[in-house]
Amino acid sequence: MNTESDRPYPAWVPARGFQLRKAGVQFDAVRVDGDDGRALADGLARLTAGDPGPVVEEANGRRSVYFLVPPASTAYRPWPPDVTRLTSGPGRIAYIPVPALNGCTWPLSWRHRPRGGDLVHTQLLRSALFAR
1 MNTESDRPYP
11 AWVPARGFQL
21 RKAGVQFDAV
31 RVDGDDGRAL
41 ADGLARLTAG
51 DPGPVVEEAN
61 GRRSVYFLVP
71 PASTAYRPWP
81 PDVTRLTSGP
91 GRIAYIPVPA
101 LNGCTWPLSW
111 RHRPRGGDLV
121 HTQLLRSALF
131 AR
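Numbering (the UniProt record's numbering), first residue to last: 1 to 132.
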């Protein structure tokens, strides 16, 4: 059986709407709320020639921004107090909202779409957070 896909985007991106993905499987996430998250995403885009990795933004509530990072890459490191790590581990389960690339996905959208299998570079994200 051929398990390869002709999809131009990762298999964890839903075809329509949005879905919750369990942290620690395909990725973890770092959540930064409000305008700070948007400014951070734009800063990372400048540092990476426009391709910081997949970043999801939320239009309501806290207006959260989710930076999708490799699984377990946020562990054993200090993070600023205004950051939320969405990861898994003993006694810990988290889910990360992931929108489709097109169609009705409100209140979620891609600030930076996924390209290939690349995720946000955790150390670059962490350094940018502490440099604010």
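Using N, Cα and C, we set each Cβ at its ideal position, and we do this for glycine too.
- Residue ranges of uninterrupted alpha helix (DSSP H) with 4 or more members, entirely inside the stretch 18–74 and ordered along the chain, are 34–47.
- Under DSSP, the beta-bridge partners assigned to residue 92 are 89.
- Under DSSP, residue 109 shares a beta bridge with 57.
- Here the alpha carbon of residue 75 sits roughly 24 Å from the alpha carbon of residue 13.
- Residue 15: not part of any alpha helix (DSSP H); DSSP gives it neither H nor E.
- With contacts defined as CB atoms closer than 8 Å, residue 128 and residue 86 fail to qualify as a contacting pair.
- Under the Cβ criterion (8 Å, minimum of three pairs), the stretch 16–35 counts as touching the stretch 50–69.
- The Cβ atoms of residue 20 and residue 107 do not sit closer than 8 Å to each other.
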